[in-house]
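Start counting at 1 in the sequence shown, then tack on 19, and there's your number in the working numbering. Each residue gets a CB set at the ideal place from its N, CA and C atoms; glycine is no exception. Report on the following structure.
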Amino acid sequence: EPDTSYGGMRWGHDLPESLAPLSYILRCRTVPLRNLGGCMSPDNAWIIIQGVETLSLRMERHVENAMKVALHLKDHPSVAWVRYPGLPDDPQHFKAQKYLKGTGGPMVVFGIQAEDGKEAGKKLID
């Protein structure tokens, strides 16, 4: 999609052919540089480093909680199905073992067992 913050440029299409393979990393570097400037303020740097230093711990907790949620939902009578790569019977479990170091990641997806799924989904959210 066109990037409105760069005059409608499409990063993967409008760059010269020699730069096309680098379009993703170029966007990752130029947009924050434009938004944050060439040098972060000390406060911003401190806030970012706090987030980076605790990221691994927070992700471990997310993964642990996701497994608990997946196990709970799997046994719940109102849930039709659960997809969580950390569960041994999930079709993507082998990929979780290979790419996620044996964890299932932080995301759980499930379906509601109901005749009218749309209404049941609204009820769940409300």
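Beta strand (DSSP E) containing Val127: first to last residue?
Counting along the chain, Val127 falls outside any beta strand (DSSP E), and DSSP gives it neither H nor E.
Measure from the C-beta of Asn54 to each C-beta in chain B and report whether the shortest distance is under 8 Å.
Absent from the structure: chain B. Only one protein chain is present.
Using 8 Å as the Cβ pair cut-off and three pairs as the minimum, do the region 117 to 135 and the region 90 to 100 touch?
Yes: at least three Cβ pairs fall under 8 Å.
Is Met78 helix, strand or coil by DSSP?
helix
Among the candidates Asp62, Gly105, Pro125, whose CA atom is the shortest distance from the CA of Arg80?
Pro125
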